[in-house]
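*Asks:* Here it is, the structure in full.
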Amino acid sequence: MNNILSYKGYAGSVNFDADDRIFHGRVLGITDVIGFEGTSVNELERDFTEAVTDYLETCREIGKEPEKPFSGRLAVRLPSEIHCAITP
Numbered sequence: 133m134n135n136i137l138s139y140k141g142y143a144g145s146v147n148f149d150a151d152d153r154i155f156h157g158r159v160l161g162i163t164d165v166i167g168f169e170g171t172s173v174n175e176l177e178r179d180f181t182e183a184v185t186d187y188l189e190t191c192r193e194i195g196k197e198p199e200k201p202f203s204g205r206l207a208v209r210l211p212s213e214i215h216c217a218i219t220p
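Numbered per this note's numbering, the sequence shown spans residues 133 to 220.
Rendered as structure tokens:
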């Protein structure tokens, strides 16, 4: 089972609210909040792609660099002995 949507390098989580009978989600990996929803899978996917497109267009209009979900930085914690051993 896959509950992640992907569009233009952005990933969105997918959840289902059984009480309201609606799918909803949020774009992952950025601090800006981008939400989307739909009552069907097609509606959910359409709202997701529209939300990402809207975000990118809004950033362009206001002169803001859109956040990238994957910066290329990876923080790894090592024991100090290993860190010392691999340092030239």
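Built from N, CA and C at the ideal position, the CB exists for glycine as well.
In angstroms, rounded to a whole number, what distance separates the CA positions of Arg205 and His215?
*Replies:* 18 Å
*Asks:* So, at 6 Å on beta carbons, what are the nonlocal neighbours of Asp164 in its own chain, with the 5 sequence-adjacent residues on each side left out?
*Replies:* Glu199
*Asks:* Can you list, in chain order, the residues of its chain with a C-beta nearer than 7 Å to that of Phe180? Leave out the 5 residues immediately preceding and following it.
*Replies:* The residues are Leu137, Tyr139, Gly144, Gly157 and Phe168.
*Asks:* I need the DSSP call for Val184, collapsed to helix, strand or coil.
*Replies:* helix
*Asks:* Are the CB atoms of Leu176 and Phe155 within a distance shorter than 8 Å?
*Replies:* Result yes, Cβ atoms of Phe155 and Leu176 sit closer than 8 Å.
*Asks:* Taking buried to mean at least 16 other C-beta atoms within 10 Å of its own C-beta, is Ala183 buried or exposed?
*Replies:* buried
*Asks:* What is the rounded straight-line gap between the Cα of Pro211 and the Cα of Thr219?
*Replies:* 13 Å
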